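Protein chains: 2
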Amino acid sequence: MPKFLQVVSVQEAVQTITSIARPVSTETIPLEEAGGRVLAEDVTADLDIPGFTRSVMDGYAVIAAETSGAGEALPTILRCTGRVLMGEGTTAPIRRGECVYVPTGGMIPPGADAMVMIEYTEELGDQVLVQKPVAPGENLILQGEDFKAGEQVLPGGTRLSPQDVGALAAVGRTRVEVYRRPLIGIISTGNEVVPVGTTPSGSQVRDVNSYLCRTVAESCGCRTRSYGIVRDEEEALAEVLNRAAVETDGVLISGGSSKDARDHGATVIARAGSVLVHGVALAPGKPTIIGKAGAVPVIGLPGHPASAYVVLMVLGIHLFGGLTGGGPRPSRVETAVLNVNIPSTRGREDYIRVSLDRDDGKKTVATPLFGKSGLLNTLVRSDGLIRIPAGAEGMEAGTPVEVLLW
Amino acid sequence: MPKFLQVVSVQEAVQTITSIARPVSTETIPLEEAGGRVLAEDVTADLDIPGFTRSVMDGYAVIAAETSGAGEALPTILRCTGRVLMGEGTTAPIRRGECVYVPTGGMIPPGADAMVMIEYTEELGDQVLVQKPVAPGENLILQGEDFKAGEQVLPGGTRLSPQDVGALAAVGRTRVEVYRRPLIGIISTGNEVVPVGTTPSGSQVRDVNSYLCRTVAESCGCRTRSYGIVRDEEEALAEVLNRAAVETDGVLISGGSSKDARDHGATVIARAGSVLVHGVALAPGKPTIIGKAGAVPVIGLPGHPASAYVVLMVLGIHLFGGLTGGGPRPSRVETAVLNVNIPSTRGREDYIRVSLDRDDGKKTVATPLFGKSGLLNTLVRSDGLIRIPAGAEGMEAGTPVEVLLW
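In order, the protein sequence lines correspond to chains G and F. Numbered per the UniProt record's numbering, the first sequence spans residues 1 to 406. Numbered per the UniProt record's numbering, the second sequence spans residues 1 to 406.
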């Protein structure tokens with residue numbers, strides 16, 4: 001028999017999901033496509049980056065010691081022996097009494113140890129008057145200062161930001177090994193649920209949940225496959241779940257909302273593998289199921305779209321994050337001040353939708369939208385969620401709260 | 001002649017970009033693919049959602065007035081005349097003294113005006129003992145309570161979140177009109193720049209910027225096309241820019257870092273259309289160019305990758321946001337306390353990379369990474385940027401700061 005509503009904490013539910021959602025296999029892809037993917041190898045620098053000591057400004061490469069005491073009244077006078085061209089090497093060393101023009105990013109000639117910005121110089125024929133002293137190393141990036149050859153640039157498990165992709169480009173990686181984008185199977189259940197293209201009759205409702213599941217999973221770096229709408233019949237659901245467990249890396253079942261339908265979900269997951277959690281101390285979202293079908297993690301979501309969405313945001317992101325190898329997608333959080341008291345039941349985490357009133361220069365105000373959990377309109381019109389911890393009996397007006405932005 | 005370094009404020013630069021980056025044309029796509037896209041039409045509800053008054057829990061539909069005063073000691077006794085099945089209609093009205101079993105999400109029969117939760121009832125044969133009073137409307141979602149037929153669900157210009165996609169599903173939209181994903185042309189310039197697959201020799205450096213541009217633009221909902229690496233020659237750059245202006249919706253030129261190269265960029269943009277801004281009071285990022293090639297907006301970025309990246313994050317997001325129709329991508333922001341003094345020059349916005357030290361339960365501490373602006377490693381190892389406003393002469397240790405997270 002599946003465990004029924006032996007409610008666990010949100011933290012335990014997250015731990016359970018994390019323990020069963022392991023990264024899928026890896027693939028090697030062009031760097032152009034690597035943004036947002038999760039690195040599956042440690043990457044080291046192939047060469048010193050930069051490969052030469054370069055200037056960070058337009059000006060003259062000098063021996064710093066020679067500029068000591070230089071000023072407008074008494075400039076250091078150096079002979080300019082040449083100009084460095086971008087992208088070309090320079091081998092002639094500079095000697096005492098000499099300088100060389102180097103543009104921003106150009107190579108510093110051997111012998112020089114600093115750059116004087118062009119604004120602090122005056123050119124007179126082949127002579128350059130230096131009007132400001134520079135210290136050794138000033139205005140330079142040294143060879144290998146960014147990355148030394150062999151130094152680790154990024155560790156495996158990094159979700160690749162644009163600057164990470166830039167660093168991989170700098171060390172010459174045209175292809176990188178990343179975790180495959182996991183495939184999430186999505187099953188809608190419920191005798192009342194009809195396809196979105198249908199005009200519902202009687203007490204039918206359109207299949208909102210499969211679109212929510214799909215969009216959240218994809219925004220977390222997964223691919224998705226829809227298994228359509230299954231009637232609340234144990235054998236029908238078992239057949240589809242077994243198929244999805246073979247074809248995908250993780251499964252979401254968005255439950256029919258009645259108790260009978262919820263029971264079918266747990267029974268079928270138990271038959272296909274095991275039910276690890278049935279019931280989470282979370283509102284909305286209590287009837288959530290966590291389990292495995294074979295080796296594949298499965299989450300059973302509540303039937304109400306707005307409840308299902310909270311479960312996706314609180315628990316689902318750990319499924320997607322575990323399978324992608326990069327951990328849960330970072331959340332956008334904003335601090336605001338609550339404007340009314342919110343009651344809550346000790347022992348469960350309550351997630352309350354709020355709308356934010358942002359007033360430039362003043363504190364942002366969070367107004368709870370006490371909607372029925374089945375309503376989509378408060379979900380669409382809210383800015384995010386606040387969490388009332390399991391240990392609290394509500395929150396008082398004036399409390400600063402962290403809003404988990406949509 | 002192009003304007004040269006008549007520096008404008010960041011705010012003026014953003015206004016200029018916003019004024020020239022208009023949404024591209026629209027297309028109609030399947031709802032499955034609409035997550036993250038920008039809606040190009042106002043969407044209204046086709047029907048009342050829900051289409052019938054439904055229960056939010058398992059229990060009995062009753063006439064609320066009949067439960068007045070009900071309690072465990074003196075329950076209201078009703079006769080159960082049937083059970084509503086999920087997805088099916090119900091037409092038999094309930095009358096005084098009657099109730100009907102309705103599962104969560106099921107249709108309320110005519111005549112009933114509230115639901116009693118099953119936990120507050122006891123069933124004795126065909127009699128139901130109601131042990132708690134309910135108010136009219138309690139535990140119901142009314143027909144049309146989510147959206148009334150004809151009511152606006154989402155306005156055009158909405159960047160579609162998962163819950164927005166869910167709302168579109170609820171109102172039966174299998175296809176939606178969205179703005180086309182703009183195509184951004186990316187041109188790298190610089191005689192020193194070589195393709196990433198090349199081992200640089202002499203003072204060559206690999207083409208990091210085109211990867212940065214590509215990854216940021218794509219993360220903001222654009223597509224990209226690379227125009228390769230162009231030498232610092234006016235005619236060569238002019239030819240490529242003209243081609244990109246015909247083929248794309250917006251162009252990024254990542255400039256050679258020398259002054260000569262910067263001048264070529266401005267000259268070529270002026271020839272192809274106009275230079276609107278040359279120089280922004282922004283550090284790093286001062287030599288940024290904003291202009292048009294024909295009708296197509298162009299941003300000329302500094303050559304140093306880390307500077308180019310700041311310009312992409314501060315200004316580029318407005319180009320991408322304007323072209324996509326959805327405005328700049330929302331940023332992730334975190335409040336932290338600065339741990340050292342930061343000097344700054346009044347009259348320009350300084351963006352300083354910081355790393356964050358998050359200590360559970362304590363305030364997050366921001367440590368500036370005073371790297372040279374050409375270094376990628378501090379970019380990769382930092383958590384985000386803090387902005388020092390143009391009016392400030394630095395910031396003192398202990399100041400709360402908003403960190404723009406990568």
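Each residue gets a CB set at the ideal place from its N, CA and C atoms; glycine is no exception. Predicted, not measured: the structure shown is a model, and the values here were computed from it.
(message) If you follow the alpha helix (DSSP H) that Leu-319 (chain G) is in, where does it begin and where does it stop?
(response) Looking up residue 319 (chain G) in the first sequence gives position 319. Run containing Leu-319 (chain G): 317-324, per the alpha helix (DSSP H) assignment.
Distance check for Ala-169 (chain G) and Glu-32 (chain G), CA to CA, integer angstroms please.
Here residue 32 (chain G) refers to the residue found at position 32 when the first sequence is read from its first residue. Here residue 169 (chain G) refers to the residue found at position 169 when the first sequence is read from its first residue. Looking at the two C-alpha atoms, the distance is approximately 9 Å.
Within the stretch 288-356 of chain G, note down every full beta strand (DSSP E) run reaching 3 residues or more, in order along the chain.
Taking 3 residues as the shortest admissible run, the stretch 288-356 of chain G contains the following complete beta strand (DSSP E) segments, listed from N- to C-terminal end: 289-293, 296-301, 332-338.
Have a look at the DSSP bridge pairing and note the partners of Val-84 (chain F).
The count along the second sequence starts at 1 and reaches residue 84 (chain F) at position 84. Secondary-structure assignment with DSSP links Val-84 (chain F) through no beta bridge to anything.
Report task. Would you identify the three-state DSSP class for Ile-229 (chain F), choosing helix, strand or coil? Result -> Residue numbering aside, residue 229 (chain F) sits at position 229 when the second sequence is read from its first letter. Under the three-state reduction of DSSP output, Ile-229 (chain F) falls in the strand class.
So, under 8 Å CB-CB, Gly-202 (chain G) and Glu-88 (chain F) are touching, yes? Tell me the CB distance rounded to an integer number of Å.
Along the first sequence, one-based indexing puts residue 202 (chain G) at 202. Along the second sequence, one-based indexing puts residue 88 (chain F) at 88. The Cβ separation is near 6 Å, so the contact holds.
Check: Between which two residues does the beta strand (DSSP E) containing Val-277 (chain F) stretch?
Finding: Within the second sequence, the letter at position 277 stands for residue 277 (chain F). First-last of the beta strand (DSSP E) with Val-277 (chain F): 273-278.
*asked:* Against chain G, does Thr-199 (chain F) count as a neighbour if the rule is that its beta carbon must be under 8 Å from one of theirs?
replied: Taking the first residue of the second sequence as position 1, residue 199 (chain F) is located at position 199. Yes, Thr-199 (chain F) lies at the interface with chain G (some Cβ there is under 8 Å from its Cβ).
Please name the residue in G:Pro-343, G:Ala-61, G:Thr-91 whose C-alpha comes closest to that of Cys-99 (chain G). Within the first sequence, residue 99 (chain G) is the residue found at index 99, counting from 1. The option with the nearest alpha carbon to Cys-99 (chain G) is G:Ala-61.
Per-residue contacts from Met-107 (chain F) into chain G (C-beta, under 8 Å):
Counting from one through the second sequence, the residue named residue 107 (chain F) turns up at place 107. Near Met-107 (chain F) (Cβ distances below 8 Å), the residues of chain G are Gly-202, Ser-203.
I want to verify the contact list: residues of chain G whose CB lies under 8 Å from the CB of Thr-335 (chain F), in sequence order.
For this step, residue 335 (chain F) is matched to residue 335 along the second sequence. Within chain G, the residues near Thr-335 (chain F) are Thr-335.
Exercise. At a CB-CB cut-off below 7 Å, which residues of chain G make contact with Pro-330 (chain F)?
Worked result: Position 330 of the second sequence, counting from 1, holds the residue named residue 330 (chain F). The answer, in chain order, is Arg-332.
Under 8 Å, Cβ to Cβ, is there at least one residue of chain F near Lys-3 (chain G)?
On the first sequence, position 3 is the one that residue 3 (chain G) refers to. Confidence in Lys-3 (chain G) is poor, its pLDDT being 47 and thus under 50, which makes the residue's placement unreliable; the coordinate value appears in the next sentence. Judged by the 8 Å Cβ criterion, Lys-3 (chain G) is not in contact with chain F.
ask   = Whose CA, out of G:Glu-177, G:Lys-362, G:Ile-386, lies closest to the CA of Phe-370 (chain G)?
value = Taking the first residue of the first sequence as position 1, residue 370 (chain G) is located at position 370. Nearest C-alpha to Phe-370 (chain G): G:Ile-386.
Exercise for review: Locate the beta strand (DSSP E) running through Val-100 (chain F), then write down its first and last residues.
Suggested key: In the second sequence, the residue the question calls residue 100 (chain F) occupies position 100. That run of the beta strand (DSSP E) goes 98-102.
(request) Verify whether the separation of the beta carbon atoms of Tyr-179 (chain G) and Val-24 (chain G) is less than 8 Å. (result) As a working note, residue 179 (chain G) is residue 179 in the first sequence. As a working note, residue 24 (chain G) is residue 24 in the first sequence. It is a contact, given that the beta carbons lie within the stated cut-off.
- Query: Do Ser-219 (chain G) and Pro-162 (chain F) have their C-beta atoms within less than 8 Å of each other?
  - Reply: As a working mapping, residue 219 (chain G) is identified with position 219 in the first sequence. As a working mapping, residue 162 (chain F) is identified with position 162 in the second sequence. Yes, they are a contact pair.
Would you give the residue range spanned by the beta strand (DSSP E) that Ala-217 (chain F) belongs to? Taking the second sequence and counting its residues from 1, one reaches residue 217 (chain F) at position 217. That residue, Ala-217 (chain F), is in no beta strand (DSSP E); its alpha helix (DSSP H) goes 209-219.
Which first and last residues belong to the beta strand (DSSP E) in which Arg-387 (chain F) is found?
-> Numbered from its first residue, the second sequence carries residue 387 (chain F) at position 387. From DSSP, the beta strand (DSSP E) with Arg-387 (chain F) extends over 384-388.
(message) Measuring only the C-alpha atoms, how far is Gly-9 (chain G) from Gln-15 (chain G)?
(response) In the first sequence, counting from the first residue as 1, residue 9 (chain G) sits at position 9. In the first sequence, counting from the first residue as 1, residue 15 (chain G) sits at position 15. The sequence shown places Ser at residue 9 (chain G), rather than the Gly named in the question. Spanning the two alpha carbons is a distance of roughly 10 Å.
| task | Using a Cβ cut-off of 8 Å (strictly closer), state whether Ala-169 (chain F) contacts chain G. | result | In the second sequence, the residue the question calls residue 169 (chain F) occupies position 169. Chain G contact via Cβ: present.
Determine the extent of the beta strand (DSSP E) in which Thr-28 (chain F) is found, giving its start and end residues. Numbered from its first residue, the second sequence carries residue 28 (chain F) at position 28. Counting along the chain, the unbroken beta strand (DSSP E) around Thr-28 (chain F) starts and ends at 26-30.
- prompt: Does any residue of chain C bring its CB to less than 8 Å from the CB of Leu-369 (chain F)?
  reply: Annotation note: the requested chain C is absent from the structure, which comprises protein chains G and F.
Got a sec: is the Cβ-Cβ distance from Pro-284 (chain F) to anything in chain G below 8 Å?
Here residue 284 (chain F) refers to the residue found at position 284 of the second sequence. False, the Cβ-Cβ gap to chain G never drops below 8 Å.
- Task: Answer with buried or exposed for Glu-393 (chain G), where buried requires no fewer than 16 other C-beta atoms within 10 angstroms of its C-beta.
- Result: In the first sequence, the residue the question calls residue 393 (chain G) occupies position 393. Glu-393 (chain G) is exposed by the Cβ-count criterion.
Checklist entry - If you run the structure through DSSP and keep just helix, strand and coil, what is Gly-185 (chain G)? => result Residue mapping note: residue 185 (chain G) aligns to position 185 of the first sequence, counting from 1. In the structure shown, Gly-185 (chain G) sits in a strand (DSSP, three-state: E or B).
### Message
Restricting to Cα atoms, I'd like to know which of G:Gly-316, G:Ala-336, G:Glu-177 is closest to Pro-328 (chain G).
### Response
Walking along the first sequence from the start, residue 328 (chain G) turns up at place 328. Check the Cα spacing between Pro-328 (chain G) and each of G:Gly-316, G:Ala-336, G:Glu-177: the tightest is with G:Gly-316.
So, does the CB of Gly-361 (chain F) fall closer than 8 Å to a CB anywhere in chain G? In the second sequence, residue 361 (chain F) corresponds to position 361, counting from 1. Under the 8 Å criterion on CB atoms, Gly-361 (chain F) is classed as non-interfacial with respect to chain G.
- Item | Closer than 8 Å to chain G by CB, Val-7 (chain F) | Within the second sequence, the letter at position 7 stands for residue 7 (chain F). Chain G, which has no Cβ nearer than 8 Å to the Cβ of Val-7 (chain F), makes this no.
Classify Arg-381 (chain G) as helix, strand or coil using the three-state DSSP reduction. The sequence position of residue 381 (chain G) within the first sequence is 381, counting from 1. DSSP places Arg-381 (chain G) in the helix class (H, G or I) of the three-state scheme.
State the start and end residues of the unbroken alpha helix (DSSP H) segment that holds Ile-20 (chain F). As a position in the second sequence, residue 20 (chain F) is number 20, starting the count at 1. 10-20 is the span of the alpha helix (DSSP H), which, as asked, contains Ile-20 (chain F).
*DSSP three-state call for Ile-118 (chain G): helix, strand or coil?*
Here residue 118 (chain G) refers to the residue found at position 118 of the first sequence. Three-state result, Ile-118 (chain G): helix.
- Task: Determine the chain G residues that contact Leu-212 (chain F) at a beta-carbon separation under 9 Å, and present them in chain order.
- Result: Against the second sequence, residue 212 (chain F) aligns to sequence position 212. Taking a Cβ-Cβ cut-off of 9 Å, the neighbours of Leu-212 (chain F) in chain G comprise Pro-162, Gln-163, Val-165, Gly-166, Ala-169, given in sequence order.
Evaluate Ser-188 (chain G) with the Cβ neighbour count: other Cβ atoms within 10 Å of its Cβ, from every protein chain shown; 16 or more gives buried, anything less gives exposed.
As a position in the first sequence, residue 188 (chain G) is number 188, starting the count at 1. Counting the other Cβ atoms within 10 Å of the Cβ of Ser-188 (chain G) gives 16 or more, which makes it buried.
Next on the checklist: Which of the three DSSP states is assigned to Pro-2 (chain G) in this structure?
Outcome noted: In the first sequence, residue 2 (chain G) corresponds to position 2, counting from 1. Confidence is the limiting factor: at Pro-2 (chain G) the pLDDT is only 44, short of 50, which leaves the residue's position unreliable, though a coordinate-based value still follows. In the structure shown, the three-state DSSP call for Pro-2 (chain G) is coil.
field: Within chain G, the residues that Lys-372 (chain F) reaches when beta carbons sit closer than 7 Å
entry: The sequence position of residue 372 (chain F) within the second sequence is 372, counting from 1. Ordered by position in chain G, the residues that pass the 7 Å Cβ test against Lys-372 (chain F) are Val-56, Ile-141.
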